[in-house]
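S.K.:
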Amino acid sequence: MRFRLALRDAAVTGLVAAGLFLPMVALRTDVAPNGALFLRTRWSDAAILITLAALARFVLVLWLGRRIPVASTASPWWEEPLRRAGKLLTPLLLGVAVMLPFIPGTGRYELDLGVLVLTYVMLGWGLNIVVGLAGLLDLGYVAFYAVGAYSYALLAHAFGLSFWICLPLAGILAGFWGVLLGFPVLRLRGDYLAIVTLAFGEIIRVVLVNWVSLTNGPNGMSGIPRPSFFGLPFNMSGEPDTFAGFFGLEPSPLHRVIFLYYLILGLALLTNWVSIRLRRQPLGRAWEALREDEIACRALGINITTTKLTAFALGAMFGGFAGAFFATRQGFISPESFTFIESAIILAIVVLGGMGSQIGIALAALIMIGGFEVFRGLEEWRMLVFGAAMVVIMVLRPRGLVSSRTPTVALGKRKAISGSLVGEGHG
Amino acid sequence: MSPSDGRNAEGRGELNRPGQTTSPSDGRSAAVSRPILSVEELTMRFGGLVAVDDVSFTAETNDITAIIGPNGAGKTTLFNCITGFYRPSAGAITLHGPLGEAALHRLAGHRIARAGVARTFQNIRLFQGMTVLENLLVAQHNRLMAATGLGIGAVLGLSRYPAAEREAIERARHWLDATALLERADDPAGALPYGAQRRLEIARAMCTEPALLCLDEPAAGLNPRESDELSMLLRQIRDGGCSILLIEHDMSVVMGISDRIVVLDHGRKIADAVPSAIRADARVIAAYLGEGDEGE
Numbered sequence: 001m002r003f004r005l006a007l008r009d010a011a012v013t014g015l016v017a018a019g020l021f022l023p024m025v026a027l028r029t030d031v032a033p034n035g036a037l038f039l040r041t042r043w044s045d046a047a048i049l050i051t052l053a054a055l056a057r058f059v060l061v062l063w064l065g066r067r068i069p070v071a072s073t074a075s076p077w078w079e080e081p082l083r084r085a086g087k088l089l090t091p092l093l094l095g096v097a098v099m100l101p102f103i104p105g106t107g108r109y110e111l112d113l114g115v116l117v118l119t120y121v122m123l124g125w126g127l128n129i130v131v132g133l134a135g136l137l138d139l140g141y142v143a144f145y146a147v148g149a150y151s152y153a154l155l156a157h158a159f160g161l162s163f164w165i166c167l168p169l170a171g172i173l174a175g176f177w178g179v180l181l182g183f184p185v186l187r188l189r190g191d192y193l194a195i196v197t198l199a200f201g202e203i204i205r206v207v208l209v210n211w212v213s214l215t216n217g218p219n220g221m222s223g224i225p226r227p228s229f230f231g232l233p234f235n236m237s238g239e240p241d242t243f244a245g246f247f248g249l250e251p252s253p254l255h256r257v258i259f260l261y262y263l264i265l266g267l268a269l270l271t272n273w274v275s276i277r278l279r280r281q282p283l284g285r286a287w288e289a290l291r292e293d294e295i296a297c298r299a300l301g302i303n304i305t306t307t308k309l310t311a312f313a314l315g316a317m318f319g320g321f322a323g324a325f326f327a328t329r330q331g332f333i334s335p336e337s338f339t340f341i342e343s344a345i346i347l348a349i350v351v352l353g354g355m356g357s358q359i360g361i362a363l364a365a366l367i368m369i370g371g372f373e374v375f376r377g378l379e380e381w382r383m384l385v386f387g388a389a390m391v392v393i394m395v396l397r398p399r400g401l402v403s404s405r406t407p408t409v410a411l412g413k414r415k416a417i418s419g420s421l422v423g424e425g426h427g
Numbered sequence: 001m002s003p004s005d006g007r008n009a010e011g012r013g014e015l016n017r018p019g020q021t022t023s024p025s026d027g028r029s030a031a032v033s034r035p036i037l038s039v040e041e042l043t044m045r046f047g048g049l050v051a052v053d054d055v056s057f058t059a060e061t062n063d064i065t066a067i068i069g070p071n072g073a074g075k076t077t078l079f080n081c082i083t084g085f086y087r088p089s090a091g092a093i094t095l096h097g098p099l100g101e102a103a104l105h106r107l108a109g110h111r112i113a114r115a116g117v118a119r120t121f122q123n124i125r126l127f128q129g130m131t132v133l134e135n136l137l138v139a140q141h142n143r144l145m146a147a148t149g150l151g152i153g154a155v156l157g158l159s160r161y162p163a164a165e166r167e168a169i170e171r172a173r174h175w176l177d178a179t180a181l182l183e184r185a186d187d188p189a190g191a192l193p194y195g196a197q198r199r200l201e202i203a204r205a206m207c208t209e210p211a212l213l214c215l216d217e218p219a220a221g222l223n224p225r226e227s228d229e230l231s232m233l234l235r236q237i238r239d240g241g242c243s244i245l246l247i248e249h250d251m252s253v254v255m256g257i258s259d260r261i262v263v264l265d266h267g268r269k270i271a272d273a274v275p276s277a278i279r280a281d282a283r284v285i286a287a288y289l290g291e292g293d294e295g296e
C-alpha cells in the first residue's frame, strides 16, 4: 500500500523536477571561442537530478509515510537543553570569539571570515532593536550602513579626521537619518511601512550613485584611511612610530587584520550591551509594549512618536557604526555594496535568529554568513543548498531559532515566554 | 495640541497623592460635590452618522458614574472622545484633575493619560507576550522614564533608576495583591484566564495613578461570582480616592455600585440620576431596561 503511494509520489516528484531542471539545467547558452552563442545541452546532468529527486521522495514516503512537517512555535525538544546549555553557550561563543586570533590554525582567511560574520552579527543586533523589539518592519536598513560608510569616507577625505573621531560622527549622522526616516513612517503599519523603508534604502543608494561631485558616483570612493592603533599606523616599514615598531614586533600584515577583528568584536559587543541594558529599561519595555499593542500604549500615556523614533535612531546609529567600520576595513566603498540584498540578508538574520533574541541572532549570522562560506565548495549549487536550508528552517521553526522571550523583570523566577504568545508587531 | 494644557499635565506622577486633591483652579470650596469630569454639549459625527449628539453631564469626584444604554447608543464613542482616541466634532470635555483643569478634547492621546485619565478596553488589550509584572511596569513608563535621565543615565548605570524601579515594583505588587494576581506575576499576560485578564487590565490602568478611571464593560464575560468580586474591587478603588466612569451592561453591577447613572439612547442623553430614580424612569425602561425587569 505504502509502496504504491511512494511510487506514485516519486513519479509526481520526478515530473515536477523535470519541469524545473529541463529548462534550467539541461539547456544552457554558452559563448563559443569565436564569440557566437550556442546552445549546450546537458541531458545527463538533468537526468541525474530528476532521478535523485524522485528517489529521495520515494525513500522518504516509504520511510515516513506522507507526513507533513508540522510548523511549531512551541519549544522544541532541543530548546530546553539549549537554554540550559545557553548559559554555557554564550560564554563559550564569546570565549571563542575573543581567542580566535590566537587559536592555532587561524590564518588570514579565518580572521577575514570572522570579521565578516561579526559585521553581520552587529548589523543584526542593530536591526533587532527596530524589528525585533519595536516590531517595525524595516526593509531599508542598509541605508544607514551606507550613511555610516560614506560619512566616514567623506569626513576623512574632506577634513582629514581620524577614524576614532569619525566613528561617533558616523553613528550620529546615521541616527539622524534614522529620525528623518522615522517621521514620515510613524503613521504607517505593516506592508506600508515595509514599502516606504524599502524605498528609503533605494533612495539613499540612488543618491549615492548620482551625486557624482560628492560621492564619485558609481566609481566609488577609494583611498579611505585605514584605522590606526591610537595614532600608530599599521605598516610594514617597522619604523618606531608604527604599531610593530612601537611594540617591538616583527612587522606583519596580520596585525591590522587582528586589530580590525577586535575592533568589530568590540563594536558588536557594545551593540549587544546597549540592547540588553535598554531592554531592561522603561524605554526597551515601551518598545516591546509597542510591538504588542500600540493602542494600549497610548492609553497608558506612552508617547508613541518619540518611542518609535528612538528605536529608529538607535538602530540606525549602530548601522552607522558598522558602516564606518566597513569603510575603514575595505579602504574602498561604492554604492554596489549597499544594495537591497544586504538589507534582505540582515533582515533574514534577525528573522531566522528569532526576533528579539540576542544569542539567536548571533547564531543565525554565524549560520547564514559562515555557512554560506562553508558551502563554497559546492560552487553553483551553493545557492540551491542554502535556499533549501532556509526553507526547511522556516517551515519547522516559523518564529526563528530561539522563539521564546525572556522576561525583563520578575518577582520570583524568570520563566521563558512561548513564542506563540509574543506579538510580531504590525509595522 | 495646546501647549499650556500639556505643561499642566507634565510631571503629575510626582504630585498625585490620593490625599492631595485640592484643585487651585476650582472656584468652589472642596465641599461634598466637586466635579472630576465635565462633558459639555459633546457631539461626535462620523460622516452623516451622529454617534453622540449634544451630550452634557458631570461626574463627581470620588463617585462611580455609570453610563448605560442599548447597543449602539454611543457609549464607547463617548469613552473614546474622553480618552482621546477620537477628536470630538463639537463640545468640550474638561478634567478637573489634581493638577488643575485639562481640556481633554484638545490634548493629544498620550497626554490625556498623563493628565490623569486611565482606561480599559471592551476587548481586552494587554501586552500578551509580556509578563503580568512587565505589563504593570509599562504602565508606569513615564514616571520610570523620568528617573532614567533620558535613558542614557540608566544604560550607564548612573542614575536613581534602581530605586525608582523598586518603587514601581512595590506599586505593582500592591495592585497585584488588590486584584488577586500576585502568584501569577511572572506568567505571560496572554496565558491568564479571561477573568484574570480583565482584572489585570484594571490593575494596569491603576498603576498610572489616575484621577479618573474609565472602564469599558469590565464585567463582560464574567460569571456572577467574578462580577461580585469586580464590584468589591471597584468600590475599593473609589474609596482609595479615584473616581470611576463605567460602561456596563450587567445591571446587577451597575445598580449595586453606581452613585449616579447616565443613560444614553441613539446618541442622546435620556436620563441622568441616582440608581433608584433610573429604575423608575419610564423612558429608560422603554429604551433599555425593558418592562418587567424591575425586580432585577
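Going down the list, the sequences are from chains A and B. All residue numbers for the first sequence refer to the UniProt record's numbering, where the first residue is 1 and numbers rise by one. All residue numbers for the second sequence refer to the UniProt record's numbering, where the first residue is 1 and numbers rise by one. Even glycine gets a Cβ: it sits at the ideal position worked out from N, Cα and C. Bear in mind that the values here come from a model prediction, so they are computed numbers and not experimental data.
Could you run through the stretch 304 to 320 of chain A and flag, in chain order, every residue whose CB is less than 8 Å away from some CB of chain B?
M.R.: Result list: 304, 310.
S.K.: Leaving aside the five residues before and after residue 89 of chain B along the sequence, list all residues of the same chain whose C-beta is less than 7 Å from its C-beta, in chain order.
M.R.: The residue you call residue 89 of chain B lines up with position 89 of the second sequence. If we look at residue 89 of chain B and ignore the five residues flanking it on each side, its Cβ neighbours are 43, 44, 45.
S.K.: Looking only at its chain, what residues have a beta carbon closer than 7 Å to the beta carbon of residue 257 of chain B, apart from the 5 residues adjacent to it on each side?
M.R.: In the second sequence, residue 257 of chain B corresponds to position 257, counting from 1. Excluding sequence neighbours, residue 257 of chain B sits near 64, 231, 234, 235.
S.K.: Under 8 Å, do residue 60 of chain B and residue 33 of chain B count as touching if we go by C-beta distance?
M.R.: Position 60 of the second sequence, counted from the first residue, corresponds to residue 60 of chain B. Position 33 of the second sequence, counted from the first residue, corresponds to residue 33 of chain B. Yes, Cβ-Cβ distance for residue 60 of chain B and residue 33 of chain B is below 8 Å.
S.K.: Within the stretch 117 to 193 of chain B, note down every full alpha helix (DSSP H) run reaching 4 residues or more, in order along the chain.
M.R.: As far as the stretch 117 to 193 of chain B is concerned, its whole alpha helix (DSSP H) runs of at least 4 residues are 132 to 139, 141 to 148, 152 to 156, 161 to 178.
S.K.: In whole angstroms, what separates the C-alpha of residue 279 of chain A from that of residue 127 of chain A?
M.R.: Along the first sequence, read from residue 1 onward, the residue named residue 279 of chain A stands at position 279. Along the first sequence, read from residue 1 onward, the residue named residue 127 of chain A stands at position 127. Their backbone Cα atoms lie some 14 Å apart in a straight line.
S.K.: Heavy atom of the ligand FMN less than 7 Å from the Cβ of residue 48 of chain A, yes or no?
M.R.: Summarising the ligand content, the structure contains no ligands, and the ligand FMN is consequently not present.
S.K.: Using a threshold of 8 Å, state whether the C-beta atoms of residue 194 of chain A and residue 316 of chain A are closer than that.
M.R.: Residue numbering aside, residue 194 of chain A sits at position 194 when the first sequence is read from its first letter. Residue numbering aside, residue 316 of chain A sits at position 316 when the first sequence is read from its first letter. Contact flag unset, no.
S.K.: Within a Cβ cutoff of 6 Å, which residues of the same chain sit near residue 457 of chain A, ignoring the five residues on either side of it in sequence?
M.R.: The shown model of chain A, from 1 to 427, leaves out residue 457 of chain A, and the question about it has no answer.
S.K.: How close, in whole Å, do the beta carbons of residue 364 of chain A and residue 356 of chain A come, if the pair is a contact with beta carbons under 8 Å?
M.R.: In the first sequence, the residue the question calls residue 364 of chain A occupies position 364. In the first sequence, the residue the question calls residue 356 of chain A occupies position 356. In fact, because the Cβ distance is near 12 Å, the residues do not count as touching under 8 Å.
S.K.: Which residues mark the beginning and the end of the beta strand (DSSP E) in which residue 39 of chain B is found?
M.R.: The residue given as residue 39 of chain B occupies position 39 in the second sequence. Unbroken beta strand (DSSP E) run through residue 39 of chain B: 35 to 46.
S.K.: May I have the straight-line CA-CA distance separating residue 105 of chain B from residue 214 of chain A, to the nearest angstrom?
M.R.: On the second sequence, position 105 is the one that residue 105 of chain B refers to. On the first sequence, position 214 is the one that residue 214 of chain A refers to. About 50 Å.
S.K.: Straight-line CA distance for residue 235 of chain A to residue 243 of chain A?
M.R.: The residue labelled residue 235 of chain A in the question sits at position 235 within the first sequence. The residue labelled residue 243 of chain A in the question sits at position 243 within the first sequence. Their Cα atoms are separated by approximately 8 Å.
S.K.: Would a check of beta-carbon distances place residue 177 of chain B closer than 8 Å to chain A?
M.R.: Reading the second sequence from its first residue, position 177 is the one you call residue 177 of chain B. Not an interface residue.
S.K.: If you run the structure through DSSP and keep just helix, strand and coil, what is residue 202 of chain A?
M.R.: One-based indexing of the first sequence puts residue 202 of chain A at position 202. Residue state, collapsed to three classes: helix.
S.K.: Should residue 286 of chain A be flagged as near chain B, meaning a C-beta pair shorter than 8 Å?
M.R.: One-based indexing of the first sequence puts residue 286 of chain A at position 286. Yes, because at least one Cβ of chain B sits closer than 8 Å to the Cβ of residue 286 of chain A.
S.K.: Check the C-beta distance from residue 162 of chain A over to residue 228 of chain A and give it rounded, since I have them as a contact under 8 Å.
M.R.: Numbered from its first residue, the first sequence carries residue 162 of chain A at position 162. Numbered from its first residue, the first sequence carries residue 228 of chain A at position 228. Correct: roughly 7 Å between the Cβ atoms.
S.K.: Closer than 8 Å, Cβ to any Cβ of chain B: which residues of the stretch 271 to 285 of chain A, in chain order?
M.R.: Going along the stretch 271 to 285 of chain A in chain order, one finds 274, 277, 278, 281, 282, 283, 285 with a Cβ nearer than 8 Å to chain B.
S.K.: For the beta strand (DSSP E) that residue 269 of chain B lies in, which residues bound it at each end?
M.R.: Numbered from 1 along the second sequence, position 269 holds the residue referred to as residue 269 of chain B. Where residue 269 of chain B is concerned, the enclosing beta strand (DSSP E) stretches over 268 to 273.
S.K.: Of the choices B:173, B:189, B:82, B:271, whose alpha-carbon is the least far from that of residue 113 of chain B?
M.R.: On the second sequence, residue 113 of chain B is found 113 positions in, with the first residue counted as 1. Checked all of B:173, B:189, B:82, B:271; the closest Cα to residue 113 of chain B is B:82.
S.K.: Apply the 10 Å Cβ neighbour rule to residue 130 of chain B and answer buried if 16 or more other Cβ atoms are within range, or exposed otherwise.
M.R.: Position 130 of the second sequence, counting from 1, holds the residue named residue 130 of chain B. Its Cβ being crowded by 16 or more others within 10 Å, residue 130 of chain B is buried.
S.K.: Could you tell me which uninterrupted alpha helix (DSSP H) segments, each at least 4 residues in length, are contained entirely in the stretch 328 to 363 of chain A, listed from first to last along the chain?
M.R.: 340 to 353, all fully within the stretch 328 to 363 of chain A.
S.K.: Taking the alpha carbon of residue 37 of chain A as the reference point, which residue from A:27, A:46, A:314 has its own alpha carbon closest?
M.R.: Against the first sequence, residue 37 of chain A aligns to sequence position 37. If we check each option's Cα against that of residue 37 of chain A, A:27 comes out closest.
S.K.: Give, in chain order, every residue of the stretch 408 to 422 of chain A whose Cβ lies closer than 9 Å to some Cβ of chain B.
M.R.: Listed by position, the residues of the stretch 408 to 422 of chain A near chain B (Cβ gap below 9 Å) are 408, 409, 410, 411, 412, 413, 414, 415, 417, 418, 419, 420, 421, 422.
S.K.: To the nearest angstrom, report how far apart residue 141 of chain A and residue 362 of chain A are at their CA atoms.
M.R.: Indexing the first sequence from 1 puts residue 141 of chain A at position 141. Indexing the first sequence from 1 puts residue 362 of chain A at position 362. Each residue's alpha carbon lies about 18 Å from the other.
S.K.: Spell out whether any CB of chain A is found under 8 Å from the CB atom of residue 128 of chain B.
M.R.: Counted from its first residue, the second sequence places residue 128 of chain B at position 128. Yes, because at least one Cβ of chain A sits closer than 8 Å to the Cβ of residue 128 of chain B.
S.K.: Just list the residues that DSSP pairs residue 93 of chain B with in beta bridges.
M.R.: Against the second sequence, residue 93 of chain B aligns to sequence position 93. Looking at the DSSP assignment, residue 93 of chain B forms a beta bridge with B:39.
S.K.: Mark residue 88 of chain A as exposed unless 16 or more other C-beta atoms lie within 10 angstroms of its C-beta, in which case mark it buried.
M.R.: Position 88 of the first sequence, counted from the start, is the residue given in the question as residue 88 of chain A. Exposed is the call here.
S.K.: Run through chain A and tell me which residues come within less than 7 Å of residue 134 of chain B, C-beta to C-beta.
M.R.: Position 134 of the second sequence holds residue 134 of chain B. Those within 7 Å of residue 134 of chain B in chain A are 285, 407, 408, 409.
S.K.: Taking the alpha carbon of residue 266 of chain B as the reference point, which residue from B:192, B:216, B:69 has its own alpha carbon closest?
M.R.: Numbered from 1 along the second sequence, position 266 holds the residue referred to as residue 266 of chain B. That would be B:69, whose Cα lies nearest to the Cα of residue 266 of chain B.
S.K.: If you measure from the beta carbon of residue 83 of chain B to each beta carbon in chain A, is any gap under 8 Å?
M.R.: Here residue 83 of chain B is taken as the residue at index 83 of the second sequence, counted from 1. Yes, contact with chain A.
S.K.: How far does the alpha helix (DSSP H) with residue 77 of chain B in it reach, from first residue to last?
M.R.: Counted from its first residue, the second sequence places residue 77 of chain B at position 77. That run of the alpha helix (DSSP H) goes 75 to 82.
S.K.: Measure the alpha-carbon distance for residue 137 of chain B versus residue 138 of chain A and round it to whole angstroms.
M.R.: Your numbering for residue 137 of chain B matches position 137 in the second sequence. Your numbering for residue 138 of chain A matches position 138 in the first sequence. C-alpha separation (whole angstroms): 27 Å.
S.K.: For residue 65 of chain B, write down the residues that DSSP places opposite it in a beta bridge.
M.R.: For the purposes of this step, residue 65 of chain B is taken as the residue at position 65 of the second sequence. B:245, B:260.
S.K.: Can you tell me the Cα-Cα spacing of residue 57 of chain B and residue 409 of chain A, whole angstroms?
M.R.: Taking the first residue of the second sequence as position 1, residue 57 of chain B is located at position 57. Taking the first residue of the first sequence as position 1, residue 409 of chain A is located at position 409. Their backbone Cα atoms lie some 42 Å apart in a straight line.
S.K.: Starting from residue 302 of chain A, find everything on chain B with Cβ-Cβ shorter than 7 Å and list it in chain order.
M.R.: As a working note, residue 302 of chain A is residue 302 in the first sequence. The answer, in chain order, is 110, 141.
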